[in-house]
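Just so you know, we're using our numbering here: the sequence shown kicks off at 32 and counts up by one.
C-beta atoms are modelled at their ideal positions from N, C-alpha and C, and glycine is treated no differently.
Below you'll find the structure, written out as structure tokens, and then a few comments.
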Amino acid sequence: MAGHSKFKNIMHRKGRQDAARSKLFSRLSKEITVAVKTGGGPDPDMNPRLRLAVQNAKGQSMPKDNIERAINKGSGAGGDDYQEMRYEGYGPGGVAIIVEALTDNLNRSASNIRAAFSKNGGSLGETGSVSFMFDRVGEIVYKPDAGDADTVMEAAIEAGAEDVESGEDGHTITCAFEDIGAVSTTLADKLGEAESVNVIWKPQNLTPIDEDRAQTLFKLLDALDEDDDVQNVYSNEDISEEVMERLSA
């Protein structure tokens, strides 16, 4: 099982995003509501998408009342009618970017995302213009206290996962897209509740960029992260440790 997955820069941005708890809870609530409406009802045992959404909300310490409110909102008649959209494009230095959105206004969403790209050295392309450079996989994240690297590796192998990366920030386990339900359930029995369980876009190859382009790229990624319609952002930049340290200072 190879340990070559590289999500350092994604996790760097995720850490900053998670600091805004209200925004994070809003995105988690929206995912729960949509999961109820589109995934098969309000019972997590009968609705795999809802089960993952609730698991993620609990992993981020979202209050139980918030979770129940989001489920009830999805169960009720009327309310916001969110549509799932995927936007693809290129950032500074040819970095490939995928943006996933849940929106109740397609024109607003497209306009805002296009503006974020154009104002920060990027260009929005057609659907499919960069996704062929990514693989759709399951990603299961555990906090460091789930166990040491060997324990998590052994549990992941037994669960049928494909890759594990362990570090001081925790453990990131990847699996085939179609196996995410079975793998996450088996891991939960062995390691407890995961911090997050998501289907993600994992880059097949990384694009090296210098400090100037990295600085502009992070402005673009921050602009996308701050948009209320945006749920997830994935990119394939490769930035050296030295540059990352200077940009994070």
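Where VAL67 is concerned, the enclosing alpha helix (DSSP H) starts and stops at 52 to 70. Within the same chain, ASN87, GLY90, VAL172 come within 6 Å of SER227 by CB-CB distance, once the 5 residues on both sides are set aside. Secondary structure in the segment 125 to 197: the beta strand (DSSP E) runs of 3 residues or longer, each lying completely within the stretch, are 127 to 134, 154 to 156, 165 to 173 in chain order. Under DSSP, the beta-bridge partners assigned to ILE204 are ILE171, VAL195. By the Cβ-count criterion, MET93 is buried, with 16 or more other Cβ atoms from all chains shown falling within 10 Å of its own Cβ. Restricted to the segment 246 to 272, the beta strand (DSSP E) segments that are unbroken, complete and at least 3 residues in length are 261 to 266, listed in chain order. Residue range 114 to 121 is occupied by the beta strand (DSSP E) that includes GLN114. Distance between ASN151 and TYR113, taken at the CA atoms: about 27 Å.
Rounded to whole angstroms, the separation of the alpha carbons of GLU170 and LEU81 is 16 Å. Ranked by Cα distance from ARG145, the options ASP135, VAL183, VAL130 are led by VAL130. Remark: C-beta atoms of THR238 and VAL126 approach each other more closely than 8 Å. Annotation: the continuous alpha helix (DSSP H) that includes SER215 extends over 211 to 222. Secondary structure note for ILE98: its alpha helix (DSSP H) is the uninterrupted segment 95 to 106.
Between ASN263 and SER106, the alpha-carbon positions lie close to 24 Å from each other. Remark: three or more beta-carbon pairs, one from each stretch, lie closer than 8 Å, so the segment 250 to 264 and the segment 52 to 63 are flagged as touching.
With contacts defined as CB atoms closer than 8 Å, ILE128 and ILE98 fail to qualify as a contacting pair.
With respect to LEU155, PHE148 sits close: the two C-beta atoms are nearer than 8 Å.
Excluding the 5 residues flanking it on each side, SER266 has same chain C-beta neighbours closer than 7 Å at GLY122, VAL126, ALA127, ILE128, LEU252, in chain order. Using a C-beta cut-off of 8 Å, the segment 190 to 206 makes no contact with the segment 69 to 85, since fewer than three inter-stretch Cβ pairs fall below that distance. The Cβ atoms of MET116 and ALA132 lie closer than 8 Å to each other.
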